[in-house]
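Structure, as structure tokens:
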Amino acid sequence: MSAEKEQKSLGNKLKEELFYTPDHLGEVLSDDQINSALSFSDGYKTFLDRCKTEREAVEYSIELATKKGFEEFKAGKKYTQGQKVYYNNRGKALILAVIGNEGLENGVNISAAHIDSPRLDLKPRPFYEQNDFAMLKTHYYGGIKKYQWTAIPLALHGVILKKDGDKIKVNIGEADTDPVFCISDLLPHLAGDQMKRTLNEGIKGEELNVIIGSLPFKDDSASEKVKLNILKLLNEKYGVTEKDFVTAELELVPAFKAKDLGFDTSMVGAYGQDDRVCAYTALMAALECENPQKTLLTVLTDKEEIGSEGNTGLKSAYLKYFIADISRPYGISEKTVLANSRCLSADVSAAFDPTFSDAFEKNNAAFLNYGVCLNKYTGSRGKGGTSDASAEYVNSVIRLFDKNNVIWQMNELGKVDQGGGGTVAAYIANLGVDVIDVGVPVLSMHSPFEITAKLDIYMTYKAFCVFANDK
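Reminder that position 29 of the sequence shown reads as 19 in my numbering, one-by-one numbering, no gaps.
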């Protein structure tokens, strides 16, 4: 061998020892592991189709949990190792607990995901008629590109409270026999003025008006006859009047089903994968957790997309109060429990998009099929609004994953000055808990049809499993 070739060989060996190169899951997993990962997403797609709102996610999660032996939590009761309980916060947030062998004074392991997603909420007085169309007024929820919500089929989900207190569950647009709803858009031939708008203003908030009917009530003396006909149909089916919609919680979501994506079926395309992909993987890890060393808490929370506000978001005290309730019978303060606890903030990250590569700093971007993402900090620009995990805690998580063959990648959310985003991590860190963001990379995040890779989903599930059972 020539001296030059020998030097190159030594250089390559040294690179292997000193460089950090993330692994592509498709190259390092066996065929059996890949098949297991692909199969895992079958249940995930069912979860996405069943859980298009936070209420539906709580209801379905409790359904799955009770089959696994979880019982409703009772404050003041002492629980023993292996017992499983759940706390339902107003039907819109959920905590699952699997009691561990160690005392609560040694802390708990917390996995926290959010189950709300960007959508269109109905305004309190949504109904109106214009030019022989019955329409609904909406107020968008969370960060969306408004133009993406036009000219697609929409389904209506939520609840209506009648004056007698009866609660009506609404789910229209998902069954094959259901009608769907739609926001119209201008044809290109007449959109000259619209096309001069900025992309952000291409569709304005007050133009997100949903078409719900076009046939009039046959009465020559009545006005707003199309609106009247729709309200008559709703009254006949549900027994509601327009006044009942003032207190209703109704959400318009894409009527798409979760689908395999790509010729190789390696990806999932669906609405609401931010953050239900992390909610599902954390939930599955909790349901399969038996007799952990430390008590495991799995939090499926609400309102993250609008800043975690309200009494079902993690800016509120419901997690802290739950920990106080579960530890009080043992004479342990929640302060002691929290100070010794650890958390994986289970949230997605932006996957590198080759079409829009300028938004990413490639060396610190997340890629599809490279494993579970670790995000030391989120926030925007100068790390504003983030918790910024400590070196010690990041190291402990990485060593745990390495020890258990969980393939991971470290990333940031785009270029430093490009923008940014937040998660629930900061609010859990404010309780004195060590926390880092861990989750799945997503393409087309916050769109009506987001994309994830099945291998990443499975690896994220593995990450939550090893965390659940870690000492």
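Beta carbons: idealized from backbone N, C-alpha and C, even for Gly.
In this text the structure is predicted, and so the values were computed from the model without any measurement.
Which whole-angstrom value is the C-beta distance of residue i and residue j, which I expect to be below 8 Å?
i      : j      : result
Thr450 : Val430 : 5 Å
Leu286 : Gly97  : With 8 Å as the limit, Leu286 and Gly97 do not qualify as a contact, their Cβ atoms being about 11 Å apart.
Leu144 : Val200 : 7 Å
Ala379 : Lys393 : The Cβ separation is near 19 Å, so there is no contact.
Leu290 : Ala47  : 6 Å
Val216 : Glu294 : At roughly 38 Å, the Cβ-Cβ gap does not stay under 8 Å, so Val216 and Glu294 are not in contact.
Ala336 : Val258 : Incorrect: roughly 17 Å between the Cβ atoms, too far for contact.
Ile162 : Trp139 : 17 Å between Cβ atoms; not a contact.
Leu112 : Leu198 : In fact, because the Cβ distance is near 11 Å, the residues do not count as touching under 8 Å.
Gly411 : Thr368 : 6 Å
Leu277 : Lys58  : 5 Å
Lys68  : Pro319 : 5 Å
Asp13  : Ile322 : At roughly 42 Å, the Cβ-Cβ gap does not stay under 8 Å, so Asp13 and Ile322 are not in contact.
Thr271 : Leu86  : With 8 Å as the limit, Thr271 and Leu86 do not qualify as a contact, their Cβ atoms being about 13 Å apart.
Val338 : Val267 : 6 Å
Val432 : Asp264 : 6 Å
Ser317 : Leu94  : 5 Å
Determine the direct distance from the alpha carbon of residue j to that of residue i, and round the result to whole angstroms.
i      : j      : result
Lys401 : Ala356 : First, the amino acid is wrong: residue 401 is Asn here, not Lys. Each residue's Cα considered, the two are about 5 Å apart.
Ser331 : Asn395 : 23 Å
Leu146 : Leu242 : 5 Å
Val75  : Asn281 : 13 Å
Leu445 : Phe454 : 14 Å
Lys310 : Glu324 : 7 Å
Lys5   : Asp32  : 40 Å
Glu191 : Lys135 : 9 Å
Ala462 : Tyr417 : The requested residue 462 does not occur in the structure, where the chain is confined to residues -9 to 461.
Leu240 : Ile150 : 8 Å
Leu54  : Glu17  : 34 Å
Leu460 : Val387 : Looking at the sequence provided, one finds Asp at residue 460 rather than Leu. If I take the Cα positions, the gap works out to 10 Å.
Lys127 : Ser211 : 26 Å
Thr56  : Gln71  : 18 Å
Lys343 : Glu61  : The displayed chain sequence assigns Asp, not Lys, to residue 343. Near 43 Å, if we compare the C-alpha coordinates of Glu61 and Asp343.
Phe312 : Val414 : 17 Å
Ile447 : Gln399 : 13 Å
Cys279 : Gly372 : 38 Å
Phe235 : Lys42  : 20 Å
Leu403 : Lys153 : 46 Å
Asn78  : Glu49  : 9 Å
Gly297 : Asp209 : 48 Å
Ala238 : His129 : 14 Å
Considering only DSSP beta bridges, list what residue i is partnered with.
i      : result
Tyr118 : Met125
Ala341 : Ala356
Tyr508 : With the chain running from -9 to 461 in the structure shown, residue 508 is simply not present.
Val362 : Trp398
Ser162 : Looking at the sequence provided, one finds Ile at residue 162 rather than Ser. According to DSSP, which records beta bridges pairwise, Ile162 is partnered with Leu146.
Pro431 : Ser339
Phe171 : Leu144
Gly90  : Answer is none; Gly90 lacks a bridge partner.
Asn79  : Ala83
Cys333 : Ile100 and Val425
Val200 : Leu126 and Ile173
Gly369 : Gly411
Tyr131 : Arg109
Glu294 : Paired residues: none, contrary to the question.
Glu61  : Val75
Gly374 : Ser370
If I follow the unbroken beta strand (DSSP E) through residue i, where does it start and stop?
i      : result
Ile100 : Asn99 to His104
Ala443 : Glu440 to Ala443
Thr291 : Leu286 to Thr291
Met257 : Met257 to Ala260
Leu251 : Lys249 to Leu251
Nearest to residue i by CA position, among the options, is which residue?
i      : options                           : result
Phe439 : Ala248, Asp343 and Thr188         : Ala248
Glu164 : Lys227, Leu223 and Tyr261         : Tyr261
Ala349 : Lys227, Glu382, Gly409 and Leu358 : Gly409
Asn301 : Asp156, Asn219 and Gly81          : Gly81
Ala340 : Leu189, Tyr137 and Thr442         : Thr442
Val327 : Val362, Leu364, Leu421 and Val456 : Leu421
Ser101 : Asp166, Ser107 and Val88          : Val88
Val160 : Pro319, Tyr130, Gly148 and Tyr50  : Gly148
Ser437 : Ala27, Gly132, Ile52 and Tyr77    : Gly132
Leu28  : Gly374, Leu84 and Leu251          : Leu251
Val384 : Cys363, Ser370, Gly375 and Gly374 : Cys363
Ser347 : Ala381, Ser434 and Gly375         : Ser434
Asp122 : Glu214, Tyr137 and Leu38          : Glu214
If you follow the alpha helix (DSSP H) that residue i is in, where does it begin and where does it stop?
i      : result
Leu146 : Premise fails: Leu146 lies in the beta strand (DSSP E), Leu144 to Leu151, not in any alpha helix (DSSP H).
Val327 : Glu324 to Ala329
Val387 : Ala381 to Lys393
Glu470 : This structure cannot settle anything about residue 470, because the visible part of the chain is limited to -9 through 461.
Tyr311 : Tyr308 to Ser317
Val406 : Run containing Val406: none; DSSP gives neither H nor E here.
Asp22  : Asp21 to Arg40
Using beta carbons (cut-off 8 Å, strictly below), is residue i in contact with chain D?
i      : result
Leu177 : Of the protein chains in this structure there is only one, and it is not chain D.
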